[in-house]
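Chains as they are written, first to last, in the numbering used here: chain A, 1472 to 1853; chain B, 554 to 835. Notes for the one structure printed next.
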Amino acid sequence: MKRIAERVAERAGHRTGAGSAALASAWPVALGVALAWLLQQWVAPAIGPFYARIVLDIGIAIVAASSLNIVNGFAGQFSIGHAGFMMVGGYAAAWLTYYGSIRLWGTPGLHGGFLGGGDLLFLLGCAAGGAIAAVAGLVVGLPSLRLRGDYLAIVTLGFGEIVRVVIQRTDDVLAPGVAERTALPAALGHLGGALGFPGLPTYTRIFYVYAVVTIVVVCAYRLKISSRGRALLAVRENEVAAEAVGIHTARVKVSAFVMSALFAGIGGGLFAHELGTTLSPRELGFQKSIDIVIMVVLGGMGSISGVIAAAAILTVMPELFREFSDYRMPIYALALIVVMIVRPQGLLGIRELWDTAWWRRIAGNRRGPRAIARAARPEDAP
Amino acid sequence: MTAGSAPSVVASAAAPPVLEARDLSLAFGGLLAVDRFTLSLPARGLYGLIGPNGAGKTTVFNLLTGVYRPDAGEIRLGDRRIDGLRPSAIASAGVARTFQNIRLFANLSVLDNVRTAAGVRARSGLVASLLRTPRFLAEEEAIIERSLELLDMLGIAHRASEQASSLPYGEQRRLEIARALATEPRVVLLDEPVAGMAAGEKREMRALIQGLRDAFDVAILLIEHDMGVVMDICERITVLDHGVTIATGDPAAIQQDPRVIEAYLGTADAGAPAASSTPGAT
Chain A
1472 MKRIAERVAE RAGHRTGAGS AALASAWPVA LGVALAWLLQ QWVAPAIGPF
1522 YARIVLDIGI AIVAASSLNI VNGFAGQFSI GHAGFMMVGG YAAAWLTYYG
1572 SIRLWGTPGL HGGFLGGGDL LFLLGCAAGG AIAAVAGLVV GLPSLRLRGD
1622 YLAIVTLGFG EIVRVVIQRT DDVLAPGVAE RTALPAALGH LGGALGFPGL
1672 PTYTRIFYVY AVVTIVVVCA YRLKISSRGR ALLAVRENEV AAEAVGIHTA
1722 RVKVSAFVMS ALFAGIGGGL FAHELGTTLS PRELGFQKSI DIVIMVVLGG
1772 MGSISGVIAA AAILTVMPEL FREFSDYRMP IYALALIVVM IVRPQGLLGI
1822 RELWDTAWWR RIAGNRRGPR AIARAARPED AP
Chain B
554 MTAGSAPSVV ASAAAPPVLE ARDLSLAFGG LLAVDRFTLS LPARGLYGLI
604 GPNGAGKTTV FNLLTGVYRP DAGEIRLGDR RIDGLRPSAI ASAGVARTFQ
654 NIRLFANLSV LDNVRTAAGV RARSGLVASL LRTPRFLAEE EAIIERSLEL
704 LDMLGIAHRA SEQASSLPYG EQRRLEIARA LATEPRVVLL DEPVAGMAAG
754 EKREMRALIQ GLRDAFDVAI LLIEHDMGVV MDICERITVL DHGVTIATGD
804 PAAIQQDPRV IEAYLGTADA GAPAASSTPG AT
């Protein structure tokens, strides 16, 4: 039987052209960004600021939950310190935009219009936040090589708490005028402490949030349907067997943590600059981590569409039922217990929405692994 | 059957072994689980490893695949030393295995179980996977194609889209073999491939195992309690008892060996381990 390398070499002759390949690769992102634009330009004004804010929150929740899904759902490494990565990314981004703005423009306020100087600084801040969170992910990922289950959960919990406490110990944010005379690294000691980081410019727009959602979701989905992603799933399913087929489980776990933290850090940057939120250690504390875990567990560990749906529902519900907000946590806890007993794999498990039986009944049996296998089947096979 | 495999034994004696273990020892605390185990498996060889329960057979597999590190001795795959490498590195080097207690990726589809293993041979990196470059797509296609062919060969292609854990026991064993083969191994270690199978299934599996060496150019080492199968298809058999190799030889010699008979039956006058009975399985 021919080896993979031989088969790939055979295909080298009749590959699709670079142009159409680039198009096929880029269109989902382009579509997502276009939809994000529509959402901001037409939908948001039509539904008013209250609902626009919820749409924004949903987007950030999707980023947070989808990124946790990579490490928790795909790789099966139970992390309950995800908000810690958001906090690292959020504060890194806040530090850059706040002190950067003062340096560049003398004021921490909004600067420039759409994609103007301020927006670019903000996007740079989010990217930097993601990068720094990714480094934190590497640091947290390393203990995951020796620990599993509850023990790993405790380490990730500890990480979130450490980040929270460290930030609580920082001094008050420097006001414009003083800030100019402080070196940027020294300003890292002035992140507002326990009360939060006041006066951040509110650069987070629906467009940016959903552009990031697009990138995160497309990356997560493409990861899941690639050999690299299946290696993550294999680690989750059976570590001994994964190792036995040649998957370097240690490397896979750490890379899952890094990728997950990268996206969480970007999400943290978006959260930090959102109108109406305060970037504070309490906002991104343990409670937030648990909220994100619940989204992943309810939606289905490993199911991207399930987690997106759960993130949206669990963000909308508390807003729509404000009067029941006192009961939110008991209800969450109860829902979690019920799901764990009835469907421990979450509502969708590892499957996507379109892999479920009722979806196929509605949409016809066009997708799903069976159809894919049939389509992929070589003609000459019996 | 023994006559048919005789020439390949002669031919392989001259060829350098593909997998060679020399004086492997492993102790768990004070218990010497494996004592100076030695094996020389030629290319396309089909060797057996037998012994009563607790003799250390699976421990030998775990040593050969890097799950345990030997306290002493060395393992070579071709001319490369592989002892001390982590299991994934040994698998990548070309030693694949199945497990006595089946270890599938239970929640993944049958096809994905095999694809995951085949994917280890993929060269595309993370960035190429996310951008879905033409090379990546060609690779994934090749992986699906090969995986489906493997499933077809093992007779479970019709199950491709089903969840692995939903397969009946015999098919799960087949799937494990398909997954092992998907890693493009040079040596396959099968841990009790016919355990718990009905007579008909056993016959099919036996034919299948024999077919593998030619189809995939692999050497096979198998652990099996079913003497009928072992004596029939193995060219050479190593018998372990309490971690010690008590006999090595072709099936006819093993069946006559008084030490083997003693290990299995406790006395020297009860006759050879009879074909089709399973003395060690109780």
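We treat Cβ as the ideally placed atom computed from N, Cα and C, and that holds for glycine.
Legend entry - Distance between beta carbons of valine 1764/A and isoleucine 1475/A, contact taken as under 8 Å: Locating residue 1475/A in the first sequence gives position 4, where the first residue counts as 1. Locating residue 1764/A in the first sequence gives position 293, where the first residue counts as 1. Rounded, the Cβ-Cβ distance is 37 Å, inconsistent with contact.
Legend entry - C-beta atoms of leucine 1769/A and valine 1810/A nearer than 8 Å: As a first step, residue 1769/A must be located in the first sequence, where it is residue number 298. As a first step, residue 1810/A must be located in the first sequence, where it is residue number 339. Taking 8 Å as the Cβ cut-off, leucine 1769/A and valine 1810/A qualify as a contacting pair.
Inset, instruction - Kindly indicate if chain B contains any beta-carbon less than 8 Å away from that of glycine 1490/A. - result: Residue 1490/A sits at position 19 when you count from the first residue of the first sequence. Cβ-Cβ to chain B under 8 Å: no for glycine 1490/A.
Inset, instruction - Return helix, strand or coil for glutamate 627/B, following the three-state DSSP convention. - result: Here residue 627/B refers to the residue found at position 74 of the second sequence. It is a strand residue.
Inset, instruction - Let me know the alpha helix (DSSP H) ranges lying completely inside the stretch 1633-1721 of chain A, each 4 residues or longer, listed in chain order. - result: 1655-1658, 1677-1695, 1698-1708, 1710-1715
Inset, instruction - Could you run through the stretch 1769-1788 of chain A and flag, in chain order, every residue whose CB is less than 9 Å away from some CB of chain B? - result: Gly1773
Inset, instruction - Give the straight-line distance between the Cα atoms of arginine 633/B and arginine 589/B, rounded to the nearest whole angstrom. - result: In the second sequence, counting from the first residue as 1, residue 633/B sits at position 80. In the second sequence, counting from the first residue as 1, residue 589/B sits at position 36. Their backbone Cα atoms lie some 20 Å apart in a straight line.
Inset, instruction - Give the secondary structure of tyrosine 600/B by DSSP, where H, G and I count as helix, E and B as strand, and everything else as coil. - result: As a working mapping, residue 600/B is identified with position 47 in the second sequence. In this structure, tyrosine 600/B counts as strand in the three-state DSSP scheme.
Inset, instruction - May I ask you to verify whether the stretch 801-815 of chain B touches the stretch 751-769 of chain B, counting CB pairs closer than 8 Å and requiring at least 3? - result: no
Legend entry - CB of valine 1716/A within 8 Å of CB of glutamate 692/B, strictly: Within the first sequence, the letter at position 245 stands for residue 1716/A. Within the second sequence, the letter at position 139 stands for residue 692/B. No, these two residues do not count as a Cβ contact at 8 Å.
Legend entry - Residues that glutamate 1708/A contacts on chain B, provided the C-beta gap is smaller than 7 Å: Within the first sequence, numbered from 1, the residue matching residue 1708/A stands at position 237. Near glutamate 1708/A (Cβ distances below 7 Å), the residues of chain B are Phe658, Ala659, Asn660, Leu661.
Inset, instruction - For glutamate 1823/A, decide whether its Cβ has a neighbour in chain B, counting only Cβ atoms nearer than 8 Å. - result: Mapped onto the first sequence, residue 1823/A falls at position 352. With 8 Å as the cut-off, glutamate 1823/A does not count as an interface residue toward chain B.
Legend entry - Coil, strand or helix - arginine 1574/A by DSSP: Counting from 1 along the first sequence, the entry for residue 1574/A is found at position 103. Reduced to three states, the DSSP call for arginine 1574/A is helix.
Inset, instruction - Determine, using beta carbons only, whether proline 640/B comes closer than 8 Å to chain A. - result: Numbered from 1 along the second sequence, position 87 holds the residue referred to as residue 640/B. Chain A, which has a Cβ nearer than 8 Å to the Cβ of proline 640/B, makes this yes.
Legend entry - Collapsed DSSP secondary structure at arginine 634/B in the structure displayed: For the purposes of this step, residue 634/B is taken as residue 81 along the second sequence, with counting starting at 1. Reduced to three states, the DSSP call for arginine 634/B is strand.
Inset, instruction - Quick one: grab the DSSP three-state call for threonine 608/B. - result: One-based indexing of the second sequence puts residue 608/B at position 55. Rather than threonine, the amino acid found at residue 608/B in this sequence is alanine. Alanine 608/B falls in the coil class under three-state DSSP.
Legend entry - chain A within 8 Å of glycine 672/B, Cβ atoms only: Numbered from its first residue, the second sequence carries residue 672/B at position 119. At least one chain A Cβ lies under 8 Å of glycine 672/B.
Inset, instruction - Give a yes or no on whether 8 Å exceeds the smallest Cβ distance from methionine 1472/A to chain B. - result: In the first sequence, the residue the question calls residue 1472/A occupies position 1. Judged by the 8 Å Cβ criterion, methionine 1472/A is in contact with chain B.
Legend entry - Completely contained beta strand (DSSP E) runs for the stretch 709-794 of chain B, where each covers 3 or more residues: 740-744, 772-776, 789-794
Inset, instruction - Below 7 Å between beta carbons is the criterion; list the residues of the stretch 1669-1701 of chain A that meet it against any residue of chain B, in chain order. - result: Cys1690, Arg1693, Leu1694, Ser1697, Ser1698, Arg1699, Arg1701
Inset, instruction - For the alpha helix (DSSP H) containing alanine 1480/A, list its first residue and its last residue. - result: For the purposes of this step, residue 1480/A is identified with residue 9 of the first sequence, where counting begins at 1. It spans 1475-1482 - the alpha helix (DSSP H) in which alanine 1480/A sits, taken as one unbroken run.
Inset, instruction - Pick helix, strand or coil for aspartate 803/B, following the three-state DSSP scheme. - result: Start at 1 with the first residue of the second sequence, and residue 803/B comes out as number 250. Residue state, collapsed to three classes: coil.
Legend entry - With 16 other Cβ atoms within 10 Å as the buried cut-off, status of glutamine 725/B: By one-based count along the second sequence, residue 725/B stands at place 172. Its Cβ being crowded by 16 or more others within 10 Å, glutamine 725/B is buried.
Inset, instruction - Since I believe leucine 572/B is in contact with threonine 791/B (beta carbons under 8 Å), could you give me their beta-carbon distance rounded to a whole number of angstroms? - result: Indexing the second sequence from 1 puts residue 791/B at position 238. Indexing the second sequence from 1 puts residue 572/B at position 19. The Cβ separation is near 13 Å, so there is no contact.
Legend entry - Proximal chain B residues relative to serine 1496/A, where beta-carbon distance stays under 8 Å: Within the first sequence, numbered from 1, the residue matching residue 1496/A stands at position 25. Within 8 Å Cβ-Cβ: Leu684, Arg685, Thr686.
Legend entry - Helix, strand or coil at glutamate 1754/A according to DSSP, with G and I counted as helix: In the first sequence, counting from the first residue as 1, residue 1754/A sits at position 283. Note: glutamate 1754/A maps to coil in three-state DSSP.
Legend entry - Inter-stretch contact at 8 Å, needing at least 3 Cβ pairs: the stretch 1679-1690 of chain A / the stretch 629-646 of chain B: no
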